[in-house]
Amino acid sequence: MKILITDLENVLTNDAGLESDAMDFLSGAHEKFFIVLLTNLPAKNTQERVKSLGITGVIDFVISAADYEMAKPDSRMINVLLAILNAETKKFGKNDMILIGDKPDRDIKLANNAGVQSIRVRRGKHAAQEPEYADEIAKVEVKSLADLIPILGITIKKEEPMGEKKARKKPQHKKSVK
0 MKILITDLEN
10 VLTNDAGLES
20 DAMDFLSGAH
30 EKFFIVLLTN
40 LPAKNTQERV
50 KSLGITGVID
60 FVISAADYEM
70 AKPDSRMINV
80 LLAILNAETK
90 KFGKNDMILI
100 GDKPDRDIKL
110 ANNAGVQSIR
120 VRRGKHAAQE
130 PEYADEIAKV
140 EVKSLADLIP
150 ILGITIKKEE
160 PMGEKKARKK
170 PQHKKSVK
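For the sequence shown, position 154 matches number 153 in numbering that gives the first Met the number 0, and the numbering has no gaps at all.
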């Protein structure tokens, strides 16, 4: 199983709530990927937001750069995430990771500098933002999560509400990992 790391704002959500394609995307992706939210917001705030959006059943782990006194695009966050996930499983590497983001100078730069595959969803507040440097250019660029469904080989099922899916065992979130 691979790890799908995603940003929340402007990728999964907009000012009104979940993006129209987020429910199908997350539900299908959860069958194939271990889904991680990586954000600069404190993890507690993000976990509360995930709960209010009704997507807790398909988000396997939330990690906050702020909780580790870092901020995107600090690529050390990928090492922190790997250390947490591998503390129990010892089976993930950077080649197993895909990062989806909307901001070239934060999300995409983080992925590229960490050696992780980068995908940019060009929508929301930063849709018009152009990369300024080579490390801000995504390997793949799409306009929506729906565009990623065939690219990532995701199958969409409309059987059960996402909030009710059986969640996988979540790794322990230990702040001491640096």
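The C-beta atom is built at its ideal place from N, Cα and C for all residues, glycine as well.
- Sequence-distant partners of VAL139 (beyond 5 residues in either direction) whose C-beta falls short of 6 Å from its own C-beta, in its chain, are ILE118.
- In the three-state scheme derived from DSSP, where H, G and I count as helix and E and B as strand, GLY27 is classed as helix.
- Under the three-state reduction of DSSP, ILE4 is assigned to strand.
- Between the region 86–102 and the region 119–127 there are three or more C-beta pairs closer than 8 Å, enough to call the two in contact.
- Each residue's CA atom was taken as its position, placing ILE107 and GLY53 some 27 Å apart.
- Taking PRO149 as the centre and dropping the five residues before and after it, the same chain places no C-beta closer than 8 Å to its C-beta.
- Setting aside the 5 residues that flank it on each side, LEU17 is surrounded in the same chain by LEU11, LEU52, each with a C-beta closer than 7 Å to its C-beta; the list follows chain order.
- Taking 8 Å as the cut-off, the Cβ atoms of THR45 and SER63 count as close.
- The three-state secondary structure of THR88, taken from DSSP, is coil.
- The residue from ASN39, TYR67, SER26, GLU47 with its alpha-carbon nearest to that of VAL57 is SER26.
- In the three-state reduction of the DSSP assignment, ARG119 falls in the strand class, which pools E and B.
- In the DSSP assignment, ILE99 is bridged to THR5, ILE118.
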